[in-house]
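Asker:
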Amino acid sequence: AQSVTQPDIHITVSEGASLELRCNYSYGATPYLFWYVQSPGQGLQLLLKYFSGDTLVQGIKGFEAEFKRSQSSFNLRKPSVHWSDAAEYFCAVGLSNFGNEKLTFGTGTRLTIIP
Amino acid sequence: DTGVSQDPRHKITKRGQNVTFRCDPISEHNRLYWYRQTLGQGPEFLTYFQNEAQLEKSRLLSDRFSAERPKGSFSTLEIQRTEQGDSAMYLCASRGTTSSYNSPLHFGNGTRLTVT
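From first to last, the protein sequence lines are chains A and B.
To convert, note that position 20 of the first sequence is 12 in my numbering; the numbers rise steadily by one, no gaps.
To convert, note that position 95 of the second sequence is 97 in my numbering; the numbers rise steadily by one, no gaps.
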């Protein structure tokens, strides 16, 4: 069965600083990978996804992520964070044979932005 | 696109009571999903529908849980004889299948259930 690990429970960065959120997955075949963001009391919004092709994917709000098969990683990055980026971030993996029928999510990384 | 709508936003109930939640997906989406999210965890898959057919159920969905999507539009999730462990955020999501794997899940804002 597939699994997702987000090793950082909570990260604090200064506004304007760069950001990298880590995600490692476990799955035998090529996975479908996703990053979602969740603001307090809200549902999840898709930031970006990787299915195949270019391993560096661009998403909304200035985020990008890089798929590294050798490291089983799909880390999320942003060159300069804004106070509005404070939220919970979830990495997810989907089965490649069924698309994203059943996503497996990590436990999330809570991002705090300080002035 | 009015988004995925869930009702109610919050529900407080006493242990042993039955509760029902409703989800209205985006109108042209034929696939509908239920996830459960407990505090400090990521969402966990419960079940999904294609039109009115329930195609997969997680082992998390005990016999006390039942989901329906009678006309292939809105869906309901009922929990019978609620337990304190049922306290969680219940998230609904939908997507179309016109683009197969490339269509993302659209999540609602969830129903937060508290069982006292």
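Ideal Cβ placement from N, Cα and C applies to all residues, glycine included.
Suppose contacts are defined by Cβ-Cβ distances below 8 Å. Is residue 16 of chain B in contact with residue 115 of chain B by that definition?
Answerer: The answer is no: Cβ separation not under 8 Å.
Asker: So with CB distances below 7 Å, who are the chain B contacts of residue -6 of chain A?
Answerer: Chain B residues near residue -6 of chain A: none, gap ~11 Å exceeds 7 Å.
Asker: Quick check: is the beta carbon of residue 51 of chain A nearer than 8 Å to any beta carbon in chain B?
Answerer: Not closer than 8 Å to any Cβ of chain B, the Cβ of residue 51 of chain A fails to qualify, so no.
Asker: Given that a residue counts as buried once 16 or more other Cβ atoms are within 10 Å of its Cβ, and exposed if not, what is residue -7 of chain A?
Answerer: Residue -7 of chain A should be labelled exposed.
Asker: As a quick exercise: from A:86, A:62 and A:47, pick the residue whose alpha carbon is nearest that of residue 108 of chain A.
Answerer: Since the first residue shown for chain A is -7 and the last is 107, residue 108 of chain A is missing from the structure and cannot be characterised.
Asker: DSSP has residue 47 of chain B in a bridge; who is on the other side?
Answerer: Looking at the DSSP assignment, residue 47 of chain B forms a beta bridge with B:37.
Asker: Would you mind stating whether residue 107 of chain A and residue 7 of chain A have Cβ atoms separated by less than 8 Å?
Answerer: In contact: residue 107 of chain A and residue 7 of chain A (Cβ atoms closer than 8 Å).
Asker: Would you identify the three-state DSSP class for residue 1 of chain A, choosing helix, strand or coil?
Answerer: Residue 1 of chain A: coil per DSSP, three-state reduction.
Asker: Comparing alpha-carbon positions, which option in B:96, B:67, B:94 and B:44 lies nearest residue 85 of chain B?
Answerer: Checking every option, the nearest Cα to that of residue 85 of chain B belongs to B:67.
Asker: With a threshold of 8 Å between beta-carbons, can residue 30 of chain B be considered close to chain A, or not?
Answerer: Closer than 8 Å: no.
Asker: Verify the CB distance criterion: does residue 87 of chain B have a CB-CB separation below 8 Å to chain A?
Answerer: Residue 87 of chain B does not count as touching chain A.
Asker: In the DSSP output, what is residue 67 of chain A paired with across the bridge?
Answerer: Per DSSP, A:58.
Asker: Three-state secondary structure (DSSP) at residue 50 of chain A?
Answerer: It is a strand residue.
Asker: Against chain B, with Cβ distances strictly below 8 Å, would residue 93 of chain A count as a contact?
Answerer: Cβ-Cβ to chain B under 8 Å: yes for residue 93 of chain A.
Asker: Is there contact between the region 60 to 77 of chain B and the region 95 to 104 of chain A, where contact requires at least three CB pairs shorter than 8 Å?
Answerer: In short, these stretches do not touch, since the Cβ pair count stays below three.
Asker: Say yes only if the C-beta of residue 8 of chain B is nearer than 7 Å to one or more non-hydrogen atoms of the ligand ADP, and no if none qualify.
Answerer: Inclusion of the ligand ADP in the displayed structure is not the case, the ligand content being empty and no account of it being possible.
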